[in-house]
Structures are given as C-alpha cells and as structure tokens.
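A short worksheet on the structure shown next.
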Amino acid sequence: MTSMVEHAHAASADARMDGQLARLLAEWLPRQRWYSGKGARIGADGVVVLRRIELAGRGRDPVLTLVIAEVRPQGRDPERYQLFLGLREQLPEGLEHAELGPVHDAEGRERRCYDALHDPELAGWLLTRLAGGEVAGPLHFHLLPGQKITKGLRSLVLTGEQSNTSVIYGDKFIAKFLRRAVPGVNPDLELSLALADAGCQNIPQPIGWIDLADEEKGGAAEAGGEGDEGHTGPANRGYAAPELITVATVSEFLPTATDGWLLAQASVRDLYAQPDTVEPRSAGGDFGPEALRLGAATAKVHHDLATALPTGRMEPEELEQVAEAMIRHLHRAAVRVPALNPYVPALRAALGELAKIDEPVLTQRVHGDFHLGQVMRTVQGWVLLDFEGEPNRTLEERRAMAPATKDIAGMARSFDYAAHHLGGDPDRAADWAEHNFDAFCAGYASVSGQDPREQDVLLRGYAIDKAVYEAVYEAANRPTWLSIPLTAVARLAESV
Numbered sequence: 001m002t003s004m005v006e007h008a009h010a011a012s013a014d015a016r017m018d019g020q021l022a023r024l025l026a027e028w029l030p031r032q033r034w035y036s037g038k039g040a041r042i043g044a045d046g047v048v049v050l051r052r053i054e055l056a057g058r059g060r061d062p063v064l065t066l067v068i069a070e071v072r073p074q075g076r077d078p079e080r081y082q083l084f085l086g087l088r089e090q091l092p093e094g095l096e097h098a099e100l101g102p103v104h105d106a107e108g109r110e111r112r113c114y115d116a117l118h119d120p121e122l123a124g125w126l127l128t129r130l131a132g133g134e135v136a137g138p139l140h141f142h143l144l145p146g147q148k149i150t151k152g153l154r155s156l157v158l159t160g161e162q163s164n165t166s167v168i169y170g171d172k173f174i175a176k177f178l179r180r181a182v183p184g185v186n187p188d189l190e191l192s193l194a195l196a197d198a199g200c201q202n203i204p205q206p207i208g209w210i211d212l213a214d215e216e217k218g219g220a221a222e223a224g225g226e227g228d229e230g231h232t233g234p235a236n237r238g239y240a241a242p243e244l245i246t247v248a249t250v251s252e253f254l255p256t257a258t259d260g261w262l263l264a265q266a267s268v269r270d271l272y273a274q275p276d277t278v279e280p281r282s283a284g285g286d287f288g289p290e291a292l293r294l295g296a297a298t299a300k301v302h303h304d305l306a307t308a309l310p311t312g313r314m315e316p317e318e319l320e321q322v323a324e325a326m327i328r329h330l331h332r333a334a335v336r337v338p339a340l341n342p343y344v345p346a347l348r349a350a351l352g353e354l355a356k357i358d359e360p361v362l363t364q365r366v367h368g369d370f371h372l373g374q375v376m377r378t379v380q381g382w383v384l385l386d387f388e389g390e391p392n393r394t395l396e397e398r399r400a401m402a403p404a405t406k407d408i409a410g411m412a413r414s415f416d417y418a419a420h421h422l423g424g425d426p427d428r429a430a431d432w433a434e435h436n437f438d439a440f441c442a443g444y445a446s447v448s449g450q451d452p453r454e455q456d457v458l459l460r461g462y463a464i465d466k467a468v469y470e471a472v473y474e475a476a477n478r479p480t481w482l483s484i485p486l487t488a489v490a491r492l493a494e495s496v
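Last residue of the sequence shown: 496 (the UniProt record's numbering), numbering continuous.
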C-alpha cells in the first residue's frame, strides 16, 4: 500500500513539474532565434512535455534534464523540441540571461530553471560523457574511432542567426545541439560521416554525436544520470537507426576560419565605399577570387558525395513531378505570405518550363541549404558546414537526392542576399551578385567540367523555389529581412 501511495505521489509530482515547465516554455520558446513558430499564438495548452529525462544532479545542484516538448501553435502543425534544461536553487552570475523562470521541485523547494547549454558545468558534463562514449539512460554518446576529447574545456555558446545552438569547447571542438526533435537519420551527421570516410578535406572533421532512443513515455521523469545501470561505458550502437533522434553533433572547431557571409559583407561594404563608376571586380575588396575558389571547393564536395553515396537519374516525367511539387509549394507559400500572390502566375509559368526538359538529369545527395553562412574560409581553403538541409523541410525532403544545381541555386540566392542586405544601390548590388556568381560558376566548372549556368531552366527553377522558401522562412523568423526574397521573386517573375 505504501509503495502505491509513493508511486501516486511521485506521479503527481512529475505531472506538476511537467506543467510548470510547459508554462515556462510557452513564454520562453517564442523569444528564441531557433524557434520556428514565430507569428502563431500558443494557447493555454499549447506546450506539452512529452519526456523529461534527468541526466545529472538528482538531489543536488545543478540538475541537468533533457526535455522533449511538443508545441501546438494555433493554426499550425505541432512541432517537437529537445531542450537541455538546468535547475539550481540560485543562478550563478552570468546565467541570468538563460533563465526561463522559477519552478518548485517534488519537495516544494523553489529552483531556477534555465537553458543548460549556457552553464559551463552542465555543458562540460555532456562533453565528458562523449569523451567516454557513454550511455546515460536512453541517451547515447558516440565518439568516433581514433578521436580523443580533452576534458575540462571551457564552453561558450555562439550567438547569431542559427536554427540550432552551437557550443564551442575551448578552441578544439564545436557541438551543434539540434533544437528540433526529429526521429530518423540526421542528414548533417550522415553526410559528414560519409564525406569524412571519403577523405574529403573541405569539411570540418566529425568527432562524434549524441542520440536519443525515440520512446513515447509520456511526461514522467526518466532516470539517466550518474550511477544509472544503463551507464555502461563505450556505446556500440550504430548510427542511422530510424528510431533514434539525433540530439547533437560534434566536430573539430576551426578557430582561424572566417565566415563566408562576413567576408562577402566586407566586400559589399568596400564596393559601396567606392565611387559609383567602380565595378565590383575593380573594387578594393573584390570577392571574385574567393568566389572562384568557393566554386571549386563546392564541386569537390559534390564529387565526394557522389562517390560516397548513391546517385540517380531524374527522367523527364520525374522532372514534371518536381515542377508540380514546386508549384504546390508556391501556392502554399502564397497562403503564408500573401505578398507573393502578384507573382504566382509568372512564377508558375517559369516552373512549368522544368517539365519541358527532355533529357535525364543526374541526381545525388547535396548540401540542401547552401549559402554563404554555411561555408568558412580557412588558411587551407574553403570548408562546407551544416549539411542538415532547409530547417522547414521534412526529413524525407532533406534526405532526398537532387540535382547538384539545387546547391548552385542556393549560392546564387546567397550572393543576392549579401549584395542587398546593406540596403545600397540596387543596381550596384545586382552587379556585385552577378559578378561573384559568375566567378563561383567558373570555379565550379574548373573542377566538374560543367558550367552550372548552362542548365539555365533548371537553375532558374531551383532559384525560384529557394526564393519562395526564403520568403516563408523570413516571414516566420526574420520579418525585417522579408523584402530581400520578395525583391528577388519580383525580379525572377519579370525574367519569364
């Protein structure tokens, strides 16, 4: 009888904690850069804690918990998020910005709940588990053979425009903690491992990853910390099981590398500082030579992906299906972003041209969300990052084979973003974007033997689809940037 009473008390305490966390998350999530449901209201029951796994510190300070929460925005499909949360009686100085708010534990004590990735002690706990290739309940830490992790490295959360959260450990490693909980094969990890196995030198080398068994256990807290019987040492689970959720990936950190977006922005600023008569190739900060090298690096990565993973051929009838899918995407986007409506007829006609291609098109695994923010310039050359694909696409879409032209179109759109982001003269911005995209394509052709610009119908189709995707993304996440893809959409519509 006592055990039944204790069990009921524990279940009640779990439910209370889940309810407290859900209320805090409903207020906190919409303020986060990586939250994708911006603009949609979360109702009173709009957040549900599905799983809560206590990993460290049970009965002590700090407590580390992994929470899987489902968010149900009004008028939108539910989304699941995975969040490492910390609990402390008092927050140390420097963690105030990471606080969600107060909760009361099973004993009625007030604790401060916060984003644990900002806590060096708890972030360090995760790295230590990875160093040992350990298992903590349903959480598995995988260290790749031959890799070693230095313990005790100071952690730092990167700020900026990201769909996930990146944590740097010392100047050695960078961990990307995925905020969306998606069961199945994570394409970033899948492609990074394949490229590393192929000997690709144009990516940061992967170190390991963390994954979670996808079990539906309601909101009750699950054991998984020190002393747990499942904490058995080296993990021997293979990757790619569909019942697993990738929680984080860890790769080498490149401390001397420079972000491609920042380099491009510097070039645009230099251009605008010159007289109007100065062309982009003549400006002091000409990005053309770097764009050329970036194109060559992209072609090398595409080659390595095609070597390491299956390839295919898209027959004309399949291209027709691609065109139809892009048109459906266009119409759905116009519902989300009404400003697209005036351009729908012209864009639909342009996308319909894809169905008229009468030759098969080669397909392969591609980056899928390729832009200047996904590349870095090191002293050795360009490296490509984050093969996760577009955040708002389904996992199936992100893992699908596609023409390499899809990535080329993504970079074309990125040059356009970089050129117009500073709000300078639109004609000079267009000249800068065209000059650097031409250089990029020349570099790509120097390695691949084929100039992407020769596939103009395919390139335009994927550029339209990307610009439409960008409009939806910006409307939901960065409304002040929406004018950039809308201007591109208007220009693409006029070119039909």
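All C-beta atoms in this analysis are idealised placements derived from N, C-alpha and C, irrespective of residue type, glycine included.
Computed from a predicted model, the values in this text were never measured in an experiment.
Return the CA-CA distance between residue i and residue j, expressed in angstroms with no decimal places.
i           : j      : result
Leu83       : Ala349 : 43 Å
Val71       : Trp34  : 14 Å
Tyr81       : Ala181 : 5 Å
Leu195      : Pro206 : 10 Å
Pro234      : Phe387 : Low confidence applies to Pro234: its pLDDT is 30, below 50, so where it sits in the model is not reliable, and the reading given next is rough at best. The straight-line gap from Cα to Cα measures roughly 27 Å.
Ala439      : Thr480 : 30 Å
Gln32       : Arg23  : 15 Å
Pro102      : Glu54  : 18 Å
Pro183      : Leu100 : 26 Å
Arg332      : Thr128 : 45 Å
Arg60       : Ala15  : 21 Å
Glu190      : Thr405 : 21 Å
Asn477      : Ala339 : 16 Å
Thr159      : Asp214 : 29 Å
Leu130      : Gln147 : 11 Å
Asn392      : Lys38  : 13 Å
Ala430      : Arg453 : 17 Å
Pro289      : Met376 : 15 Å
His231      : Glu243 : Any reading at His231 is ruled out, since the residue's pLDDT is 32, under 50, leaving its predicted position unreliable.
Ala334      : Leu351 : 15 Å
residue 499 : Pro275 : Because the chain in this structure spans residues 1 to 496, residue 499 falls outside the shown range and cannot be described.
His140      : Ser166 : 19 Å
Pro204      : Ala136 : 27 Å
Arg398      : Glu317 : 21 Å
Rounded C-beta distance between residue i and residue j? I'm assuming under 8 Å.
i      : j      : result
Ala467 : Ala442 : With a Cβ gap of about 23 Å, Ala467 and Ala442 do not count as contacting.
Ile149 : Phe253 : Not quite, the Cβ-Cβ distance comes to about 12 Å (not below 8 Å), so this is no contact.
Val247 : Leu156 : That pair is no contact at about 19 Å.
Leu122 : Pro62  : 6 Å
Gly295 : Leu372 : At roughly 12 Å, the Cβ-Cβ gap does not stay under 8 Å, so Gly295 and Leu372 are not in contact.
Val268 : Trp432 : 6 Å
At what residues does the beta strand (DSSP E) containing residue i begin and finish?
i      : result
Arg51  : Ile42 to Ala56
Asp211 : Pro206 to Ala213
Gly101 : Glu99 to His104
Arg88  : Glu79 to Arg88
Thr256 : No beta strand (DSSP E) contains Thr256, which DSSP labels as neither H nor E.
Tyr114 : Glu110 to Asp115
Ile68  : Val63 to Pro73
Thr128 : That residue, Thr128, is in no beta strand (DSSP E); its alpha helix (DSSP H) goes Pro120 to Ala131.
Residue i lies in the alpha helix (DSSP H); which residues open and close that run?
i      : result
Cys441 : Pro426 to Ser448
Val185 : Segment: none, Val185 is in no alpha helix (DSSP H) and carries neither H nor E.
Glu494 : Ser483 to Glu494
Ile357 : Looking at the DSSP string, Ile357 is not in any alpha helix (DSSP H), and its letter there is neither H nor E.
Val472 : Asp456 to Asn477
Where DSSP assigns a beta bridge to residue i, which residues make up the other side?
i      : result
Tyr169 : Ser155 and Phe173
His142 : Trp209
Leu362 : Arg313
For chain D, is any of its Cβ atoms less than 7 Å away from the one on residue i?
i      : result
Val344 : Absent from the structure: chain D. Only one protein chain is present.
Could you tell me which uninterrupted beta strand (DSSP E) segments, each at least 3 residues in length, are contained entirely in the stretch 369-416, listed from first to last along the chain?
375-377 and 382-384
Considering only residues of the stretch 287-354, which uninterrupted beta strand (DSSP E) runs meet the minimum length of 3 residues and lie entirely inside it, listed in chain order?
312-314
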